[in-house]
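J.: Numbering (our numbering), first residue to last: 146 to 854.
The beta carbon of each residue, even a glycine, is placed where N, CA and C say it ideally should be.
There's a structure below that I have some questions on.
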């Protein structure tokens, strides 16, 4: 960068430089060089260090001064020499080599020198080392950049906090809107009921007077209409007080039958309404008003979705724990479904299904509270709403409500024991913003022998996946709204679409994460452990997979005893038809022909290592051991007539049958063939609870054995 000296100052400046030149070259600490008009060095001072080598300063004499500078400064040096020949001074900064070869920064001044007559004669250059200042300047710039970046982060945080405050204000306004709406409805209902009271009383008085038959019939019709209006008023009041009504046990068959008459009035003539309710449906624990509002709203929604006619089918069935969708926690449910043949829902509408006041209908035709009431009811009851829809095909709203137990409580599933032999050998990613929750979950999982990776934020978890970490399962403590949870689930599954994710949530709004498994906090450890095993596919008792059955089939050809092979075939066919492991009751007819050679062992859970208790032992086995076996406890490693159970038990945990055999010599060319078939059973459809054993001893003569071979 140039800083030219004024042209009118050149003669006096040149004269002064000529007078001071000898002294400046001798004592100055800057790098001073005297150049000829062409730019070649004539003389340098002792402090000269721009040669780029360790030689004496005089070695620079004769070199072209403009070529000493590094590439970025040569053009400036060349231009300064050119200006000096015209009598002008220049100033620039450039990098040049030092004695040790490292580039350094210099502040360079170039002045013309005139002779006594004022004519241009030579050029004087002064280069001052400013590397330290440049480094300080760079350091200051770096710090400034860091501060600027930090300020940018703070600005974004302030913007985010401002956005959060705006969102909080919007939510508060939304809540106030709902509250005011409820108060408004209650006020209207109060006035409406006053009107109905007057009408009802007047009608009753008129009926007591002398009326013609036609007048009496008209008044009775009016009374019926007043009664219907009063029922609607009560239901609307119950809906407006949805959060405050006390839940009670509801028998769905009776409930839907009494509601069916109202539903038919909501449907147009070209819509077929089918109500199919299993009379054996379990009771549910819910607010009657809230449930009635849900049924009415969903029925009305279905009618609106079928402007050209169609059909709506409402069904209610029991849903056992083994049949529940993956998004539901362990337990029995009542499945209430509304299936229409209407226009269906778009993906955008599905994503927002359940939001209060969200509607796809034209203005004035929908409140946006229909589906919202279903989600709210399911959330309060501990159930879920799952929606399947396709445009042009129709929509099915599936509501799962927990089965009600005794004394007006939700029926709790039996608390399973944690079988540690099924756990471990997997990596679990824990995402939890709260350090206490994060540490608790990590400790719990590590105690189950899992490898645990923790992340305090969503972006950290995504960065871990991007770095190549491949978890087998993700446990996510949901701190924000359900939309954030849905977005994270989608991002986590970009590399693995089948990645299992378990959400933990505080609020009822989280149940709107469609198709995801969600636990409401506080969560019992056994619930999480059970969910992990199911998602990792380690609970074969709930589903007898085709792969497990095919793996078991490989042992079939090894079974020599035809009756034992028949037992295996029947067990295999039964498991395939049931879709789960058979129960002891299911399996009892299978071993009828080999009853004397059969035993049934119950697995005693809650022990450090597997323990088995004989429930039954056939006469042949009792005779060989010489004692009754029923009630006796054996460990997995005990060696007796049924040999070690360790291998059979481990295969059973994977849904596999077990078979082994051995030969023992009895002398006189007679061998005893010992064959054992062990079949896993499940009495609850949840886990392996029993082992059925078939043990046979057959004498084989060596001649017949050789002939068989």
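May I ask which residues mark the beginning and end of the alpha helix (DSSP H) holding residue 402?
T.: First-last of the alpha helix (DSSP H) with residue 402: 397-411.
J.: Give the straight-line distance between the Cα atoms of residue 185 and residue 611, rounded to the nearest whole angstrom.
T.: So the two alpha carbons sit approximately 60 Å from each other.
J.: What is the residue span of the beta strand (DSSP E) that residue 583 lies within?
T.: That residue, residue 583, is in no beta strand (DSSP E); its alpha helix (DSSP H) goes 580-592.
J.: Tell me, please, which residues DSSP counts as bridged to residue 540.
T.: Answer is 534, bridged to residue 540.
J.: Distance, Cα to Cα, residue 507 vs residue 449?
T.: Because the pLDDT at residue 507 is just 46, under 50, the model does not fix this residue reliably, and the point stays unresolved.
J.: May I have a chain-ordered list of the alpha helix (DSSP H) segments no shorter than 4 residues that lie completely inside the region 211-280?
T.: Entirely contained in the region 211-280, the alpha helix (DSSP H) runs reaching 4 residues are, in chain order, 216-230.
J.: Is it true that the CB of residue 634 sits closer than 8 Å to the CB of residue 661?
T.: Going by C-beta atoms, residue 661 is nearer than 8 Å to residue 634.
J.: Alpha carbons only, please: which of 567, 638, 742, 191 is nearest the one belonging to residue 592?
T.: Among 567, 638, 742, 191, the Cα nearest to that of residue 592 is on 567.
J.: Measure the alpha-carbon distance for residue 839 versus residue 677 and round it to whole angstroms.
T.: The alpha-carbon atoms of residue 839 and residue 677 are separated by roughly 33 Å.
J.: Consult DSSP for residue 747 and reduce its assignment to one of helix, strand or coil.
T.: In this structure, residue 747 counts as strand in the three-state DSSP scheme.
J.: Are residue 429 and residue 519 touching if we call contact CB-CB under 8 Å?
T.: Cβ distance not < 8 Å, so residue 429 and residue 519 don't count as in contact.
J.: Below 8 Å, can you find three or more Cβ-Cβ pairs linking the region 536-546 to the region 481-490?
T.: The answer is yes - the region 481-490 touches the region 536-546, with three or more Cβ pairs under 8 Å.
J.: For residue 393, which three-state DSSP category applies?
T.: The answer is strand: DSSP assigns residue 393 an E or B state.
J.: I need the DSSP call for residue 416, collapsed to helix, strand or coil.
T.: The answer is strand: DSSP assigns residue 416 an E or B state.
J.: Give me the Cα-Cα distance between residue 447 and residue 537, rounded to the nearest whole angstrom.
T.: Whole-angstrom Cα-Cα distance: 13 Å.
J.: Sort 407, 836, 455, 457 by Cα distance to residue 437 and report the nearest one.
T.: Selected option, being the one with the closest Cα: 407.
J.: In the DSSP assignment, what are the bridge partners of residue 463?
T.: According to DSSP, which records beta bridges pairwise, residue 463 is partnered with 479.
J.: If you follow the beta strand (DSSP E) that residue 701 is part of, which residue opens it and which one closes it?
T.: Element bounds for residue 701: n/a, residue is neither H nor E.
J.: How many Å lie between residue 793 and residue 821 at the Cα?
T.: So the two alpha carbons sit approximately 10 Å from each other.
J.: Please confirm if the region 265-273 is in contact with the region 296-304, defined as three or more CB-CB distances below 8 Å between the two stretches.
T.: Touching, no, given that fewer than three Cβ pairs across the two stretches are closer than 8 Å.
J.: Measure the alpha-carbon distance for residue 709 versus residue 400 and round it to whole angstroms.
T.: Residue 709 and residue 400: Cα-Cα distance of roughly 52 Å.
J.: Could you give the DSSP three-state label for residue 176: helix, strand or coil?
T.: Note: residue 176 maps to strand in three-state DSSP.
J.: Classify residue 114 as buried or exposed, calling it buried when 16 or more other Cβ atoms lie within 10 Å of its own Cβ.
T.: It is not possible to answer for residue 114, since the shown part of the chain is limited to 146 through 854.
J.: I want to know whether the region 200-217 touches the region 227-235 - three or more CB-CB distances under 8 Å.
T.: The region 200-217 is not in contact with the region 227-235.
J.: Output yes or no for whether 8 Å exceeds the beta carbon distance between residue 217 and residue 239.
T.: The answer is yes: Cβ separation under 8 Å.
J.: Just the C-alpha distance for residue 842 and residue 699, rounded to the nearest angstrom, thanks.
T.: If I take the Cα positions, the gap works out to 22 Å.
J.: Run through the DSSP bridge pairs and tell me what residue 825 is partnered with.
T.: Residue 825 is bridged to 836.
J.: For residue 203, I'd like the list of residues in its chain whose CB is within less than 8 Å of its CB, leaving aside the five on either flank, ordered along the chain.
T.: Here the set comprises 189.
J.: Taking only three categories from DSSP, how would you classify residue 779?
T.: If DSSP states are grouped into helix, strand and coil, residue 779 belongs with the strands.
J.: Roughly how many angstroms separate the alpha carbons of residue 418 and residue 451, rounded to a whole number?
T.: Their backbone Cα atoms lie some 12 Å apart in a straight line.
J.: Within its chain, find whatever has a CB closer than 6 Å to the CB of residue 522; leave out the 5 residues flanking it on each side and keep chain order.
T.: Hits under 6 Å: 435, 439.
J.: So, at 6 Å on beta carbons, what are the nonlocal neighbours of residue 424 in its own chain, with the 5 sequence-adjacent residues on each side left out?
T.: These residues qualify, in order along the chain: 398.
J.: With 16 other CB atoms within 10 Å as the buried threshold, where does residue 844 fall?
T.: By the 10 Å Cβ count, residue 844 comes out exposed.
J.: Rounded to whole angstroms, what is the Cα-Cα separation between residue 307 and residue 602?
T.: Cα to Cα, residue 307 sits roughly 20 Å from residue 602.
J.: Buried or exposed, going by whether 16 or more other CB atoms sit within 10 Å of the CB of residue 619?
T.: Under this definition residue 619 is a buried residue.
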